[in-house]
Amino acid sequence: GAVVSQHPSWVICKSGTSVKIECRSLDFQATTMFWYRQFPKQSLMLMATSNEGSKATYEQGVEKDKFLINHASLTLSTLTVTSAHPEDSSFYICSARKGGSAYNEQFFGPGTRLTVL
Amino acid sequence: GNSVTQMEGPVTLSEEAFLTINCTYTATGYPSLFWYVQYPGEGLQLLLKATKADDKGSNKGFEATYRKETTSFHLEKGSVQVSDSAVYFCALGGTSYGKLTFGQGTILTVHP
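Residue numbers (the working numbering), protein chains in the order written: chain V, 1 to 117; chain G, 118 to 229.
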């Protein structure tokens with residue numbers, strides 16, 4: 001199969017602190033990974049596209065200095081929420097695409113619930 | 118830009134009932150269309166897809182046909198089971214890095 005994991009599955013932090021979320025492709029290499037944000041009862045919103053070894057491409061309206069993305073290896077991408085505030089509380093989901101083609105299937109992680117107090 | 122609109126839920130059905138979840142889209146070019154399913158506590162899984170007009174995607178008894186003339190990709194199943202209870206997302210994929218645009222999701226609950 002093609003399994004993607006996320007860690008942690010949930011995290012609670014104080015306002016002003018930074019939180020790192022990991023996304024790993026467990027049994028395949030992923031040149032490209034994607035980070036999404038999901039609000040309650042709303043759709044997934046693409047935040048950024050992460051390519052191994054290069055800078056992430058952020059969607060319009062997403063602050064790149066607040067949501068730091070690193071894709072240092074073919075199996076790991078990290079999202080760091082810097083100086084988190086209550087409005088950053090959300091469900092963060094990553095996906096990893098198998099292979100290099102834009103038409104290849106994306107495999108999704110189970111998500112990370114972030115709560116900022 | 119691209120957008121996807123799904124019928125609002127939640128949808129509640131009895132086992133063996135017929136299911137339709139409507140999905141319409143707006144896109145430039147010729148996108149691929151997808152249905153994803155999210156079971157409680159799990160990540161999204163690809164349910165089916167169609168890559169060009171008039172294609173029919175099917176899997177696990179679910180079907181959807183890519184209708185370019187009506188810009189639709191409605192999900193159907195003839196006889197739902199309790200195990201089909203989940204959240205269903207319609208999505209379209211552009212060619213730029215394979216980015217996906219999702220609908221808002223439809224919660225389906227099937228009662229015995």
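Just so it is clear, CB atoms sit at the ideal spot from N, CA and C, and this is done for glycine as well. The structure presented is a predicted model; accordingly, all values stated were derived computationally and were not measured.
- Around the beta-carbon of Asp-65/V, fewer than 16 other beta-carbon atoms lie within 10 Å, marking it exposed.
- Per DSSP, the beta-bridge partners of Val-227/G are Leu-130/G.
- Counting along the chain, Asn-176/G sits inside the beta strand (DSSP E) bounded by residues 173-176.
- Judged by DSSP in its simplified three-state form, Ser-9/V adopts coil rather than helix or strand.
- Each residue's CA atom was taken as its position, placing Ile-224/G and Val-154/G some 10 Å apart.
- Cβ contact annotation for Thr-226/G (same chain, cutoff 8 Å, sequence separation greater than five): Pro-127, Val-128, Thr-129, Leu-130 and Ser-202, in chain order.
- For the stretch 214-225 of chain G, residues whose beta-carbon sits nearer than 7 Å to a beta-carbon of chain V comprise Tyr-214, Gly-215, Lys-216, Leu-217, Phe-219, Gly-220, Gln-221 and Gly-222.
- Using a 10 angstroms sphere on the CB of Leu-150/G, the tally of other CB atoms reaches 16 or more, which defines it as buried.
- Judged by DSSP secondary structure, Ala-72/V falls within the beta strand (DSSP E) whose first and last residues are 67-73.
- Exclusion of the five residues before and after Asp-172/G leaves Tyr-183 as the residues of its chain whose Cβ lies within less than 6 Å of its Cβ.
- Remark: C-beta atoms of Ser-18/V and Thr-82/V approach each other more closely than 8 Å.
- In terms of beta-carbon proximity, Gly-109/V lines the interface with chain G, with at least one pair separated by less than 8 Å.
- For Glu-180/G, the CB contacts under 8 Å within the same chain, skipping 5 residues up- and downstream, are Leu-165, Lys-173, Gly-174, Leu-192, Glu-193 and Lys-194 in chain order.
- Phe-206/G places its beta carbon 8 Å or farther from that of Tyr-142/G.
- For Phe-28/V, there is no enclosing beta strand (DSSP E), as DSSP marks it with neither H nor E.
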